[in-house]
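In our numbering, the protein residues as written are 96 to 374. Right, one structure below, let's go through it.
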Ligand code: CAA
């Protein structure tokens, strides 16, 4: 049995991925309102698959039936694996991992879906750093086929191997990466997205021109501003901050326009407006 803590866009997607692979899942949120939002994510995502003829109604019910939703972390005591997908704030993650370390049986593997924080720092909060690992999914989790498996200097090799095998069972392709800011994907992707925002600010081209140029010129599914809106501008801004802190490379300095939109609360799809407006 697998636990997922945090049922926002990523956590709900991850819970769905596990349940689709036939695993029983316990999904945990902080309060009933957040739990209801998590249920909404799960129902919309699986409902869309039914509408598109990818799942039957019965299959959708079976998938949702494998997911138990709760506000009690204590329900995770017998989980074999717990993946956390709570907001990217180190203090929150450290306090959650301390809790999970106390609640879960000693063999439980604790995985973090962090996209920017140090897995080592999260592991050090527990009495079982060898059983803490990064399991980084991509947005939207049910669709994107990659999992970055992040081993730290103290992660037991068997834990890295176990998460790698599990990722294959989930229908994903795992890559093993080290615990450095951004891992592989965000280390390469985010500076590109940030640079698109710098070029927009410079007036090189408009938002739609840049999106179209990268979509059609490079064959990407989305242009940089559409992707920034999907990822969330706050998340993108935070990741750039972490890359800049670790590398001190001025090319990693967050674009001022990104900071401006984040400060104004325009965070992309999740708030209805970012570089593009959503209604
Ligand atoms: N949840 C579940 N399923 C979804 C979904 C969602 N949010 N969005 C799309 N899908 C599914 C659709 O149901 C559809 O499934 P089928 O093919 O089985 O019918 C499939 O994905 C394609 O969807 P659409 O036809 O609606 O749209 P599309 O073809 O334009 O694809 C997309 C949408 C998959 C998001 C595609 O545009 C894409 O791949 N974009 C790039 C996404 C990307 O780069 N993600 C990584 C972000 S970086 C990150 O996540 C790391 C981090 O730490 C910040």
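We treat Cβ as the ideally placed atom computed from N, Cα and C, and that holds for glycine.
Quick one: does the C-beta of residue 309 sit closer than 7 Å to a heavy atom of the ligand CAA? The sequence position of residue 309 within the chain shown is 214, counting from 1. No.
As a quick exercise: from 288, 223, 228, 202, pick the residue whose alpha carbon is nearest that of residue 214. Position 119 of the chain shown holds residue 214. Here the closest residue by C-alpha is 228.
Can you give me the Cβ contacts of residue 195 inside the same chain, cut-off strictly under 6 Å, excluding the 5 residues immediately before and after it? In the chain shown, the residue the question calls residue 195 occupies position 100. The residues 177, 205, in chain order, have a CB closer than 6 Å to that of residue 195 in the same chain once the five nearest residues on each side in sequence are set aside.
I'd like the list of long-range same chain contacts for residue 98, defined as Cβ closer than 6 Å, with 5 residues on each side in sequence excluded. Here residue 98 corresponds to residue number 3 of the chain shown, with the count starting at 1. If we look at residue 98 and ignore the five residues flanking it on each side, its Cβ neighbours are 121, 171, 174, 177.
Let me know the beta strand (DSSP E) ranges lying completely inside the stretch 167-219, each 3 residues or longer, listed in chain order. Taken in chain order, the whole beta strand (DSSP E) runs of length 3 or more contained in the stretch 167-219 are 176-179, 204-207.
Less than 8 Å between the C-beta atoms of residue 100 and residue 212, yes or no? By 1-based counting over the chain shown, the position of residue 100 is 5. By 1-based counting over the chain shown, the position of residue 212 is 117. Between residue 100 and residue 212, the C-beta gap is not smaller than 8 Å, which leaves the two residues out of contact.
Residue 162 and residue 129 closer than 8 Å at C-beta: Position 67 of the chain shown, counted from the start, is the residue given in the question as residue 162. Position 34 of the chain shown, counted from the start, is the residue given in the question as residue 129. Not closer than 8 Å, so no.
Three or more beta-carbon pairs under 8 Å between the stretch 335-347 and the stretch 219-233, yes or no? Contact between the stretch 335-347 and the stretch 219-233 is absent: fewer than three C-beta pairs spanning the two stretches fall below 8 Å.
Beta-carbon within less than 7 Å of residue 208's beta-carbon, same chain only, minus the 5 sequence neighbours each way: which residues are those? What you label residue 208 is simply residue 113 of the chain shown in a count that begins at 1. So the list reads 105, 109, 178, 179, 180, 230, 231, 232, once near-sequence residues are dropped.
From residue 197 to residue 334, what does the alpha carbon distance come to, in whole angstroms? For the purposes of this step, residue 197 is taken as the residue at position 102 of the chain shown. For the purposes of this step, residue 334 is taken as the residue at position 239 of the chain shown. Each residue's alpha carbon lies about 30 Å from the other.
Taking all protein chains shown into account, do 16 or more other C-beta atoms lie within 10 angstroms of the C-beta of residue 167, making it buried, or fewer, making it exposed? Here residue 167 refers to the residue found at position 72 when the chain shown is read from its first residue. Burial state of residue 167 is exposed, judged by a 10 Å Cβ sphere holding fewer than 16 other Cβ atoms.
Hey, would you say the C-beta of residue 190 is under 7 Å away from at least one heavy atom of the ligand CAA? In the chain shown, counting from the first residue as 1, residue 190 sits at position 95. No, the ligand CAA has no heavy atom inside 7 Å of this Cβ.
Residue range of the unbroken alpha helix (DSSP H) whose run includes residue 136: Within the chain shown, residue 136 is the residue found at index 41, counting from 1. It spans 127-146 - the alpha helix (DSSP H) in which residue 136 sits, taken as one unbroken run.
On the three-state DSSP scale, how would you describe residue 371? In the chain shown, residue 371 corresponds to position 276, counting from 1. Here residue 371 sits in coil by DSSP.
Contacting residues, own chain, Cβ-Cβ under 6 Å from residue 320 (five flanking each side not counted): Taking the first residue of the chain shown as position 1, residue 320 is located at position 225. In chain order, 302, 306, 370 place their CB closer than 6 Å to the CB of residue 320, counting only its own chain and leaving out the 5 sequence neighbours on each side.
Out of 347, 291, 250, 112, point me to the one whose CA is closest to residue 261's CA. Here residue 261 corresponds to residue number 166 of the chain shown, with the count starting at 1. The candidate whose alpha carbon is nearest that of residue 261 is 112.
By a C-beta neighbour count over all protein chains shown, 10 Å radius and 16 as the cutoff for buried, is residue 149 buried or exposed? Here residue 149 corresponds to residue number 54 of the chain shown, with the count starting at 1. Classification for residue 149: exposed.
Quick one: give me the first and last residue of the alpha helix (DSSP H) that residue 263 is part of. Numbered from its first residue, the chain shown carries residue 263 at position 168. Counting along the chain, the alpha helix (DSSP H) containing residue 263 begins and ends at 252-264.
So does the stretch 232-252 actually touch the stretch 262-269, counting three or more Cβ pairs closer than 8 Å? Counting Cβ pairs under 8 Å, three or more are found: they touch.
From residue 381 to residue 146, what distance separates their C-alpha atoms? Past the boundaries of the shown model lies residue 381; the chain is included only from 96 to 374, so the question cannot be answered.
Quick check: does the Cβ of residue 143 come within less than 7 Å of any heavy atom belonging to the ligand CAA? Numbered from 1 along the chain shown, position 48 holds the residue referred to as residue 143. A heavy atom of the ligand CAA is found nearer than 7 Å to the CB of residue 143.
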